[in-house]
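Chains as they are written, first to last, in the numbering used here: chain A, 31 to 395; chain B, -11 to 49.
The structure under discussion appears below in the form of structure tokens.
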């Protein structure tokens, strides 16, 4: 186990890359040496990620160290030197084309894109509309959701990212799958409400403020790519059923709320559902069961998770119809992307998996 | 005559969590640390909890 390692982020100009950089700069065991952007080559990072603007003034050593880090400039990917840990924040499709070269730069890689999430290459045809460009690499990657793959992550050299909507959906229903409670003849229906940052840093006409502001926009009523990750997760417990995922954009910047409708096997009682959730998550550092009789937020609420790596899950059970409404709230850029990526890196490096991820969120916000 | 109290574990009737209780009296109101339900100690031997009457809130339904 190494105590302090060098790191680089290839593709750091987007929202997930920026969020990962924010976390990495504050991480006690990471030294971020290089961050890349072809478009922004030579520019200071903090003009793109202004929350990382260096402090002015203080000559105290710890402040100087912090200032040095945030005075990073973007470099081109071809300038990246060997390091211990490489994070990839590239657009989907890019990492798979370059992975042979990228693997020469670091022994350990965490890829935040979708390129290595699915184990079966044929799923890329089905869900991404074209064949995978480098299927031989798929088996080398471990899917980066610690709640499902912690054991494999400990010995992994290559870790994939997770889809934010897949993460929220999977964490909402995983306890029911793990406990064998899902009535697979009925299928799972899940609606995810998502903030605008899911759309990435690039804009278009429909994201122009007068158009985007105030919307409740159905953008993927069917066929959402993250469905493939949920199906793959369910197969870990031999749960084979249809998953119907719909996504609706709402007027938030960050956040995902997954509301899944799961029919459970006849005879299931509320106590069984509680037991399933507790067994799945009682020892998880970043998953909290939220189903409260009092308080301001009695079910999972993404708003208070902004910037945190927590996933809040909850449920309500209707015994008349055997329906469980399973809920999960996350920050899409954190537990749905950069936070989980860093959690995986911590596990992979043999560190405490909560290192650098203890921010509890803000209230009020 | 001393007031009878009890300590030990009891199950929340709302979320089925095991709750540790210390020196509680009959009819005392406590709160489940997991789900926040207000609970009444309805028996000391064995320690037994029931949901305490709670004011319903209108969440705009």
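Here a beta-carbon is modelled for each residue, glycine too, at the ideal position from N, C-alpha and C.
No experiment lies behind these values; they were computed from the predicted model shown.
Notebook entry, point to check: Are there 16 or more other CB atoms within 10 angstroms of the CB of residue 15 (chain B), so buried, or fewer, so exposed?
Noted result: exposed
Check: Mind pulling the chain A residues with CB within less than 8 Å of residue 33 (chain B)?
Finding: Chain A residues near residue 33 (chain B): none, gap ~24 Å exceeds 8 Å.
Check: Hey, would you say residue 256 (chain A) sits closer than 8 Å to residue 341 (chain A), going by beta carbons?
Finding: no
Check: Count the other CB atoms within 10 Å of the CB of residue 395 (chain A); is the residue buried (16 or more) or exposed (fewer)?
Finding: exposed
Next item on the list: If I'm right that residue 311 (chain A) touches residue 320 (chain A) with Cβ under 8 Å, what's the distance once you round it to whole angstroms?
Entry: Not really, about 11 Å apart at Cβ, beyond 8 Å.
Margin query: Give me the DSSP bridge partner(s) of residue 265 (chain A).
Written below: Paired residue(s): none; residue 265 (chain A) is not in a bridge.
Check: For residue 344 (chain A), which residues from the same chain have a beta carbon less than 7 Å from its beta carbon, with the 5 sequence-adjacent residues on both sides left out?
Finding: 319, 320, 321, 329, 330, 357
Item checked: Per-residue contacts from residue 323 (chain A) into chain B (C-beta, under 8 Å) -> 2, 20, 23, 24, 25, 26, 42
Next item on the list: Name the residue from A:80, A:44, A:76, A:139 whose alpha carbon lies nearest to the alpha carbon of residue 36 (chain A).
Entry: A:139
Next item on the list: Could you tell me whether any Cβ in chain B is nearer than 8 Å to the Cβ of residue 223 (chain A)?
Entry: no
Next item on the list: Determine whether the Cβ of residue 333 (chain A) lies closer than 8 Å to any Cβ atom of chain B.
Entry: no
Item checked: Pairwise C-alpha distance: residue 143 (chain A) and residue 244 (chain A) -> 29 Å
Item checked: Beta-carbon contacts of residue 105 (chain A) that lie in its chain and below 7 Å, excluding the five residues immediately before and after -> 64, 66, 71
Margin query: DSSP three-state label for residue 241 (chain A), please.
Written below: helix
Margin query: Quick check on residue 304 (chain A) - is its C-beta less than 8 Å from some C-beta in chain B?
Written below: yes
Checklist line | Close-in-space but distant-in-sequence residues of the same chain around residue 102 (chain A) (CB under 6 Å, 5 per side omitted) | finding: 65, 75
Margin query: So with CB distances below 7 Å, who are the chain B contacts of residue 301 (chain A)?
Written below: 4
Check: Can the beta-carbon of residue 371 (chain A) be found closer than 8 Å to that of residue 117 (chain A)?
Finding: yes
Check: Counting contacts by CB-CB distance shorter than 8 Å, is residue 353 (chain A) in contact with chain D?
Finding: Of the protein chains in the structure, A and B, none is chain D.
Check: In angstroms, rounded to a whole number, what distance separates the CA positions of residue 378 (chain A) and residue 136 (chain A)?
Finding: 13 Å
Notebook entry, point to check: Considering only the beta carbon of each residue, do residue 12 (chain B) and residue 31 (chain B) sit closer than 8 Å?
Noted result: no
Checklist line | Inter-residue Cα distance where the pair is residue 113 (chain A) and residue 389 (chain A) | finding: 27 Å
Notebook entry, point to check: To the nearest whole angstrom, what separates the beta carbons of residue 226 (chain A) and residue 279 (chain A), a pair I think is in contact under 8 Å?
Noted result: 7 Å
Next item on the list: Could you name the residues of the same chain whose beta carbon sits closer than 7 Å to that of residue 228 (chain A), not counting the 5 residues immediately before and after it, in chain order?
Entry: 194, 362
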